[in-house]
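To convert, take the position in the sequence shown, counting from 1, and add 3; that gives my numbering. The beta-carbon is built from N, C-alpha and C at its ideal position, and this holds for glycine as well. Computed from a prediction, not measured in an experiment: that's the story for all the values here. I have placed the structure first, in the form of structure tokens, so that the comments after it can refer back to it.
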Amino acid sequence: MDIRPFSIVNDAGLRCLVQECISLGAKYGNIHVDDILFSADTTSSQVAKLANEYRSIIRQKLIEPLSQHAVTICPDLWSDSHRQVSYLGISVCFTDENHQFFAYDLCCHPYTEVDKSAENIIIAIKKALEPFGITDLSQINFVSDRGPNFVKALKSYSPTYCVGHRLNNIIKTCFYQTGKIKYKADDYITNETIESVCSSDSEDDNDNYDRCTILASSFGYDLMDIDAIDIPSSAANILKTISSCKNLDQGGVAVLQATVVKWLSMSQLLESINRSYRQIKKILGDRKKIIVLDKLIILQLIILLRPFKHIILFLQKGKEPTLHLVTIAILTLRDAFNTHKSLLEYGQSYQANPSGEELEEDDEYLEESEGVRFFRIRLYQLLNTMFVLEPIHLAATLLHPRYKLLKKCSSYEVRECYAYIRTRMAHIKAKEKNKTTSSTTQGQTKTTDDANTFEPAKKKPKRFGEDFETGNVSDEFDDEHDDELSKYLKQRIDINSIKDNPLTFWYENRFIYPILSQLARSIFSIPATTANVERQFSAGGLMVNSRRTRLNPQQINNSLFIRSVKKNE
């Protein structure tokens with residue numbers, strides 16, 4: 004018999020299949036298994052057929068949102084660890100005419116281009132989107148990481164960059180994990196420690212942030228440009244502890260491991276070690292393993308990373324709009340890391356401490372050590388320099404009626420947001436006008452053709468002074484779309500009646516704010532992160548394992564697509 008984990012009995016798909024078989028037996032009596040389960044070839048053909056049927060359905064759903072620029076594509080690349088086959092993953096988010104938000108995994112398509120250059124990535128994206136009727140990439144929004152190939156490939160489409168990758172890179176930079184600088188050994192920190200802490204497979208989001216101006220800080224000094232070799236010994240001890248935590252698996256100790264690429268998962272690893280601290284120390288002692296595990300440092304690191312872990316959960320929601328949360332998240336993080344007191348208050352205010360019972364046993368962790376203070380200040384300064392709130396982030400926040408006043412944003416950011424929204428509204432207005440003009444012209448052409456059948460149309464005499472007339476005042480000074488924004492900002496709204504999903508408000512007020520509601524549809528189709536496509540890769544990794552290395556890559560694509568559609572039913 005095949006060796007399978009006990010947890011397979013909890014698999015939802017298996018239980019549905021078994022239940023269906025039991026129901027059929029109860030209804031029709033004893034049935035042979037061959038009459039229920041088809042052969043592998045038949046199943047494979049059915050999967051391909053079903054995937055094509057679903058593609059046709061999704062293609063129809065995308066027609067109207069595409070015309071309203073309310074479709075967002077999140078592309079990324081992935082290689083399975085067994086066959087090293089490269090895949091192009093694409094997830095889509097869109098808002099339909101009823102202002103409903105949808106998200107699907109469009110494809111995990113085998114990447115067959117000769118290389119991963121920007122030009123070939125665009126070619127691959129176009130090929131993958133053709134079955135869904137997307138041929139003009141200017142009709143869609145893009146969200147991607149800051150990998151150099153994607154930055155170059157999508158430059159002409161004004162993409163929005165993944166907030167999750169940026170926050171991840173801020174933490175990587177804070178704890179010297181980017182691997183940009185070569186370090187030498189000294190009394191405080193070793194090459195082995197740096198190598199362990201800096202190990203990473205990902206090039207995502209490692210762009211230069213020198214362009215950012217260092218904001219004025221109450222600390223009076225800059226910790227961003229300090230090399231690892233120059234950090235104080237207390238901070239070096241924290242890096243040693245991090246290195247030890249990540250290397251625990253070498254001793255065979257079962258703890259929740261942090262992934263290399265997603266450094267935010269270090270928080271989960273630290274919590275796991277904290278919960279099992281005594282057992283781990285005992286095992287290490289029995290095996291005579293010398294690994295530095297300072298519980299106080301572990302506890303304080305959990306507190307330090309807690310706001311990031313808490314906030315990323317909100318930003319990674321895959322089935323509702325999230326872009327409006329970016330401004331709130333960044334400003335909240337900056338406030339939290341401004342002082343040690345505010346960091347502690349964050350956990351109390353949002354109850355963001357999953358390991359509260361363990362932490363309450365020791366009051367010493369409440370005192371901020373010199374090393375933790377070094378990294379807290381460094382995180383604060385990096386949050387102010389490496390993350391720049393873009394106009395689209397501010398606009399998304401403003402278009403949520405609960406946050407429309409943009410509290411805690413600077414006056415410059417507010418003005419920039421207003422200008423951005425008015426520019427976008429003017430584009431929508433011009434587009435609508437062009438549609439109307441085009442329809443009118445076609446109608447006039449038809450009328451003229453019909454009239455020409457009988458007699459030529461009489462030319463209207465020119466009125467004296469016509470060349471100097473203002474014309475239709477609304478054509479030159481039409482601020483109707485500006486009035487929508489002003490009216491929205493002045494509207495009194497009962498905060499308690501506002502739902503978390505801002506699309507509900509814009510659907511209910513689509514006739515009051517026809518232009519703004521269209522803009523809201525477009526902006527709220529943009530997710531804050533690329534979490535959906537990354538979840539698709541995780542599912543793909545479960546499919547391609549050591550027992551299924553011969554699985555057809557195209558069938559992986561079909562299966563993941565069907566799975567996504569079924570999850571949204």
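Pull up the DSSP beta-bridge partners for Tyr107, would you. In DSSP, Tyr107 forms a bridge with Val95.
For Ile232 and Asp225, what's the separation of their Cα atoms in angstroms? The alpha-carbon of Ile232 is positioned some 16 Å away from that of Asp225.
Just to confirm, is the Cβ distance from Val12 to Ile529 under 9 Å?
Judged by beta-carbon spacing, Ile529 lies beyond the 9 Å limit of Val12, meaning their Cβ atoms are not closer than that value.
In whole angstroms, what separates the C-alpha of Arg309 from that of Arg376? Taking the straight line joining both Cα atoms gives about 15 Å.
| field | Coil, strand or helix - Lys175 by DSSP | value | The answer is helix: DSSP assigns Lys175 an H, G or I state.
- Message: With distance defined between alpha-carbon atoms, name the residue in Phe527, Ala54, Ala29 and Tyr383 nearest to Asn341.
- Response: Nearest Cα to Asn341 within the set Phe527, Ala54, Ala29 and Tyr383: Tyr383.
inquiry  = For Ile137, which residues in the same chain have their Cβ closer than 6 Å to its Cβ, ignoring the five residues on either side in sequence?
reply    = There are no such residues.
### Message
Quick check on DSSP: helix, strand or coil for Thr163?
### Response
In the displayed model, Thr163 falls within a strand according to three-state DSSP.
| query | Would you say the stretch 32-51 touches the stretch 98-118, given that touching needs at least three Cβ pairs under 8 Å? | reply | With the cut-off at 8 Å, the stretch 32-51 and the stretch 98-118 do not touch.
**Study point:** Spatial neighbours of Leu273 in its chain, beta-carbon cut-off 6 Å, leaving aside the 5 residues before and after
**Key:** Taking C-beta separations shorter than 6 Å and ignoring five residues to either side along the sequence, the partners of Leu273 in its chain run Ile301, Leu304 and Ile305, following chain order.
Distance, Cα to Cα, Thr533 vs Gln319?
Across the structure, Thr533 and Gln319 are spaced so that their CA atoms are roughly 8 Å apart.
*Which residue from Met269, His72 and Leu299 puts its Cα closest to that of Ile518?*
Closest option to Ile518, judged by alpha-carbon separation, among Met269, His72 and Leu299: His72.
**Asked** Should Glu373 and Pro162 be called a contact, given that it needs their Cβ atoms to be closer than 9 Å?
**Response** Taking 9 Å as the cut-off, the beta carbon of Glu373 is found no closer than this to the beta carbon of Pro162.
Query - Where Tyr406 falls: helix, strand or coil (DSSP) - result: Shown here, Tyr406 sits in coil according to DSSP, grouped into three states, outside any helix or strand.
Query raised in the report: Straight-line CA distance for Pro78 to Leu91?
Result: Within the model, the alpha-carbon separation for Pro78 versus Leu91 is close to 7 Å.
Cβ atoms of Leu316 and Leu408: under 9 Å apart, would you say? Contact: no.
query: Could you give the distance in angstroms between the alpha-carbon of Glu67 and the alpha-carbon of Ser520?
result: Those two C-alpha atoms are separated by around 15 Å.
**Asked** Relative to the C-alpha of Asn101, which residue among Gly544, Ala531 and Thr507 is closest?
**Response** In this structure, Thr507 is the residue among Gly544, Ala531 and Thr507 with its C-alpha nearest to the C-alpha of Asn101.
- Expressed to the nearest angstrom, what Euclidean distance is found between the alpha-carbon atoms of Ala542 and Gln63? Cα to Cα, Ala542 sits roughly 26 Å from Gln63.
Can you tell me whether Thr330 is helix, strand or coil according to DSSP? Helix.
| Less than 9 Å separating the beta-carbons of Ser237 and Leu296? | Contact: no.
*Would you list, in sequence order, the uninterrupted alpha helix (DSSP H) runs of no fewer than 4 residues that lie entirely inside the stretch 513-551?*
List check, alpha helix (DSSP H) in window: 517-526 and 534-546.
Practice item. Mind the definition here: the stretch 319-339 touches the stretch 278-291 only if three or more C-beta pairs lie below 8 Å; say whether that holds. Key: Taking 8 Å as the limit for Cβ pairs, the verdict is that the stretch 278-291 does not touch the stretch 319-339.
| message | Considering just the uninterrupted stretch of the beta strand (DSSP E) at Cys77, what are its terminal residues? | response | Its beta strand (DSSP E) spans residues Val74 to Ser82.
Quiz item: Does DSSP classify Tyr90 as helix, strand or coil?
Solution: In this structure, Tyr90 counts as strand in the three-state DSSP scheme.
Apply the 10 Å Cβ neighbour rule to Gly150 and answer buried if 16 or more other Cβ atoms are within range, or exposed otherwise.
The residue in question, Gly150, is buried, as its Cβ has 16 or more Cβ neighbours within 10 Å.
Anyone know if the C-beta pair for His343 and Glu323 falls short of 9 Å?
Not closer than 9 Å, so no.
**Q.** Cβ-based burial, Val74 [other Cβ within 10 Å; buried from 16]
**A.** Classification of Val74: buried, given that the 10 Å Cβ count is 16 or more.
- Task: Would you please state the rounded distance, in angstroms, between the beta carbons of Arg405 and Ile501? I believe it to be under 8 Å.
- Result: Right, the Cβ-Cβ distance comes to about 5 Å (below 8 Å), so this counts as a contact.
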